[in-house]
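Going by my numbering, the sequence shown opens with residue 819, and the numbers climb by one from there. Here a beta-carbon is modelled for each residue, glycine too, at the ideal position from N, C-alpha and C. The structure appears below as structure tokens.
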Amino acid sequence: MTNKKEKNLEENYLPTQYLNNENPYSFRHNYDQNIANMAYNKEKLNLLHRVQPQKLNVIFDQKSLNDERNYMILEAITVRRKNLLNKAFKILKREVILDKSAEEILEEYIENPEILDILLELKKMNLINQQMKLRAKVSHVVSLKISDVAKIDSRNGEKVNIDNLREALIFSSLYKFYSGVNEK
819 MTNKKEKNLE ENYLPTQYLN NENPYSFRHN YDQNIANMAY NKEKLNLLHR
869 VQPQKLNVIF DQKSLNDERN YMILEAITVR RKNLLNKAFK ILKREVILDK
919 SAEEILEEYI ENPEILDILL ELKKMNLINQ QMKLRAKVSH VVSLKISDVA
969 KIDSRNGEKV NIDNLREALI FSSLYKFYSG VNEK
């Protein structure tokens, strides 16, 4: 009885590779007797294939992605700047000014700790572009240094063992070295 159920399940099985348009020949065994070839099932499968989107190999232009990212960052900075200035001038109970002279006005009230915090945030935001350029330069230099030092092993068919403890010890020693933490 169970053998008959297993056989019935095997006959009625539709591989997901076939359903997802990945492999139309995924069941060649008894292809002519398969339930996918029954008229009703074949029609349903064809409808399914028409509804599913075709796989497209799309390559995005890296320059346009970077431009879009930079635009989004600048917009976020602008919105954050407006919110901070609104908050500061609300504390001062004055009319909001959104140009560069706003920072000069806020510097007159630097004794107020809330204004000082807002002013520090504004000064940090003014340095974001320089920070991004510096980060890109450092990343480029580090990637060049890593590629010079890295050993490329071609292990064809060999099993790769990853030792997490070893990696953690290397990371902690690098952290201690660069952060100036000394063991005693």
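Would you decide whether residue i is buried or exposed? Buried here means 16 or more other CB atoms lie within 10 Å of its CB.
| i | result |
| --- | --- |
| ALA906 | buried |
| ILE928 | exposed |
| ILE936 | buried |
| LEU903 | buried |
Going straight from the alpha carbon of residue i to that of residue j, what length do you get?
| i | j | result |
| --- | --- | --- |
| LYS1002 | GLU985 | In this prediction, LYS1002 has a pLDDT of 47, which is less than 50 and means its spatial position is unreliable; what the coordinates show is noted afterwards. Those two C-alpha atoms are separated by around 22 Å. |
| LEU924 | ASN982 | 51 Å |
| LYS963 | ALA954 | 14 Å |
| LEU863 | LYS873 | 17 Å |
| LEU992 | ILE933 | 39 Å |
| GLU913 | LEU945 | 26 Å |
| GLU926 | LEU938 | 14 Å |
| LEU952 | LEU865 | 54 Å |
| VAL897 | ASP879 | 27 Å |
| LEU916 | ASN901 | 10 Å |
| LYS918 | VAL960 | 36 Å |
| LEU987 | LYS881 | 38 Å |
| ALA857 | LEU883 | 47 Å |
| LYS994 | HIS958 | 23 Å |
| VAL956 | GLU921 | 31 Å |
| SER990 | GLY998 | 12 Å |
| ASP885 | VAL876 | 18 Å |
| ARG899 | MET890 | 14 Å |
Can you confirm whether residue i, when its beta carbon is compared against all beta carbons of chain B, has any partner nearer than 7 Å?
| i | result |
| --- | --- |
| GLU929 | In the structure shown, chain B cannot be found, because there is only a single protein chain. |
Closest to residue i by CA distance: which of the options is it?
| i | options | result |
| --- | --- | --- |
| LYS941 | ILE895, LYS862, ASN875 and SER997 | ILE895 |
| ASN888 | MET950, LEU916 and ASN901 | MET950 |
| TYR909 | GLU922, GLU893, PRO931 and LEU892 | It is Ile, not Tyr, that sits at residue 909 in the sequence shown. Per the Cα distances, PRO931. |
| GLN948 | SER882, LEU892, LYS860 and SER990 | LEU892 |
| VAL869 | GLU922, GLU861 and VAL876 | GLU861 |
Beta carbon of residue i: closer than 6 Å to some heavy atom of the ligand MN?
| i | result |
| --- | --- |
| ARG868 | You won't find the ligand MN in this model; it holds no ligand whatsoever. |
Since residue i is in the alpha helix (DSSP H), which residue starts that stretch and which ends it?
| i | result |
| --- | --- |
| VAL869 | 857–869 |
| GLU893 | 880–910 |
| ASP935 | 931–944 |
| ASN982 | 982–997 |
| GLU921 | 919–925 |
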